[in-house]
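Peer 1: One structure is given below, represented as structure tokens, and several questions about it will come after.
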């Protein structure tokens, strides 16, 4: 009896470990690829609309490093989702990019592209210089990725549940925010990055726009929970 119980417990532990590992890989891949969807959508939209260069090559490189670097790695060690053991296993031939995950990635990427296109055009036609419009778009793109990092920790649970339980993600985001501020306000960095010192009201505009990604992702999660995706 004890031997059978031990085997059952060990099997449960192995399954949990496997589910956690698969979940971590899914989250890492989800965040990394989704950020590329947002960037490609942004550039494609700008090209179709005849909009001038939205971001410099250095800014695009930093966005990739800031979002696919420390935050994505921190998500790879995220605690397991509640109830993960109660979920049915994926089919043998099913990859990590399931329909719910693809829905999250597409919704997040396309909305990010739309928000940043609108922000850039609004900034450019509101009396701001091209450099100022590019800086606002650059900051918005980075912040949206940070908000999505917290949203994408789970494909079902809402973002306000156990939001800051991953301390490595919290530290990664704080570090990247410090680096972002340095790129905008430290003179030796503003020249190579092509940025300008954003005033507080521009920060408010950018943050409000970036926050719109939260209800969009939450709406997709609601569709997933209700079985519509």
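In this note's numbering, the protein residues as written are 161 to 389.
Ideal placement from N, C-alpha and C gives every residue a C-beta, glycine not left out.
The structure presented is a predicted model; accordingly, all values stated were derived computationally and were not measured.
Can you give me the Cβ contacts of residue 265 inside the same chain, cut-off strictly under 7 Å, excluding the 5 residues immediately before and after it?
Peer 2: Within the chain shown, numbered from 1, the residue matching residue 265 stands at position 105. If we look at residue 265 and ignore the five residues flanking it on each side, its Cβ neighbours are 190, 193, 194, 197.
Peer 1: The alpha helix (DSSP H) that contains residue 281, what's its start and end?
Peer 2: Here residue 281 corresponds to residue number 121 of the chain shown, with the count starting at 1. It spans 259-284 - the alpha helix (DSSP H) in which residue 281 sits, taken as one unbroken run.
Peer 1: For the alpha helix (DSSP H) holding residue 309, just list the boundary residues, first then last.
Peer 2: Counted from its first residue, the chain shown places residue 309 at position 149. Looking at the DSSP string, the run of the alpha helix (DSSP H) that includes residue 309 is 290-311.
Peer 1: Taking residue 282 and residue 376 to be in contact with their CB atoms under 8 Å, please state how far apart those CB atoms are, rounded to whole angstroms.
Peer 2: In the chain shown, counting from the first residue as 1, residue 282 sits at position 122. In the chain shown, counting from the first residue as 1, residue 376 sits at position 216. Not quite, the Cβ-Cβ distance comes to about 19 Å (not below 8 Å), so this is no contact.
Peer 1: Would you mind stating whether residue 219 and residue 307 have Cβ atoms separated by less than 7 Å?
Peer 2: Here the question's residue 219 lines up with position 59 in the chain shown. Here the question's residue 307 lines up with position 147 in the chain shown. Result no, Cβ atoms of residue 219 and residue 307 do not sit closer than 7 Å.
Peer 1: To the nearest angstrom, report how far apart residue 291 and residue 215 are at their CA atoms.
Peer 2: Within the chain shown, residue 291 is the residue found at index 131, counting from 1. Within the chain shown, residue 215 is the residue found at index 55, counting from 1. One C-alpha to the other measures close to 9 Å.
Peer 1: Just how far apart, CA to CA, sit residue 182 and residue 237?
Peer 2: Here residue 182 is taken as the residue at index 22 of the chain shown, counted from 1. Here residue 237 is taken as the residue at index 77 of the chain shown, counted from 1. Model confidence at residue 182 stands at a pLDDT of 48, short of 50, so the residue's coordinates are unreliable and nothing is read from them.
Peer 1: Where does residue 358 sit, in a helix, a strand or coil, going by DSSP?
Peer 2: Position 198 of the chain shown, counting from 1, holds the residue named residue 358. Of the three classes helix, strand and coil, the one that applies to residue 358 here is coil, per DSSP.
Peer 1: Mind checking residue 370: buried by the 16 CB within 10 Å criterion, or exposed?
Peer 2: For the purposes of this step, residue 370 is identified with residue 210 of the chain shown, where counting begins at 1. Classification for residue 370: buried.
Peer 1: Provide the residue span of the alpha helix (DSSP H) that contains residue 220, from first to last.
Peer 2: On the chain shown, position 60 is the one that residue 220 refers to. From DSSP, the alpha helix (DSSP H) with residue 220 extends over 217-228.
Peer 1: Look at the Cβ atom of residue 234, then the Cβ atom of residue 341, and state whether they are nearer than 7 Å.
Peer 2: Residue mapping note: residue 234 aligns to position 74 of the chain shown, counting from 1. Residue mapping note: residue 341 aligns to position 181 of the chain shown, counting from 1. The answer is no: Cβ separation not under 7 Å.
Peer 1: In whole angstroms, give me the CA-to-CA distance for residue 330 and residue 228.
Peer 2: Indexing the chain shown from 1 puts residue 330 at position 170. Indexing the chain shown from 1 puts residue 228 at position 68. Their Cα atoms are separated by approximately 15 Å.
Peer 1: At the level of alpha carbons, what is the spacing between residue 337 and residue 285?
Peer 2: Counted from its first residue, the chain shown places residue 337 at position 177. Counted from its first residue, the chain shown places residue 285 at position 125. The straight-line gap from Cα to Cα measures roughly 28 Å.
Peer 1: On a CA-only basis, which of 323, 383, 315, 367 is nearest residue 257? Give me that one, please.
Peer 2: Start at 1 with the first residue of the chain shown, and residue 257 comes out as number 97. With distances taken between Cα atoms, residue 257 lies closest to 315.
Peer 1: Consult DSSP for residue 381 and reduce its assignment to one of helix, strand or coil.
Peer 2: The residue labelled residue 381 in the question sits at position 221 within the chain shown. Helix, per DSSP.
Peer 1: Closest Cβ-Cβ distance between residue 292 and chain D: below 7 Å?
Peer 2: Of the chains in the structure shown, none is chain D; there is only one protein chain.
Peer 1: Pull up the distance between the alpha-carbon of residue 210 and that of residue 325, whole angstroms please.
Peer 2: Locating residue 210 in the chain shown gives position 50, where the first residue counts as 1. Locating residue 325 in the chain shown gives position 165, where the first residue counts as 1. Each residue's Cα considered, the two are about 43 Å apart.
Peer 1: Give the DSSP-derived three-state secondary structure of residue 195 in the structure shown.
Peer 2: Taking the chain shown and counting its residues from 1, the one referred to as residue 195 is at position 35. Of the three classes helix, strand and coil, the one that applies to residue 195 here is helix, per DSSP.
Peer 1: Can you tell me whether residue 300 is buried or exposed? The criterion is at least 16 other CB atoms within 10 Å of its CB, across all chains shown.
Peer 2: Sequence index remark: in the chain shown, residue 300 carries index 140 (1-based). Residue 300 is buried by the Cβ-count criterion.
Peer 1: May I ask you to report which of helix, strand or coil DSSP gives residue 181?
Peer 2: Position 21 of the chain shown, counting from 1, holds the residue named residue 181. Confidence is the limiting factor: at residue 181 the pLDDT is only 44, short of 50, which leaves the residue's position unreliable and the question unanswerable from this model.
Peer 1: Return the residue from the list 366, 321, 328 that minimises the CA-CA distance to residue 295.
Peer 2: One-based indexing of the chain shown puts residue 295 at position 135. Nearest option by C-alpha distance: 366.
Peer 1: Between the Cα of residue 305 and the Cα atoms of 268, 280, 317, 323, which residue gives the shortest distance?
Peer 2: Numbered from 1 along the chain shown, position 145 holds the residue referred to as residue 305. When only C-alpha atoms are compared, the closest one is 268.
Peer 1: According to DSSP, simplified to helix, strand and coil, what is residue 376?
Peer 2: Start at 1 with the first residue of the chain shown, and residue 376 comes out as number 216. Residue 376 falls in the helix class under three-state DSSP.
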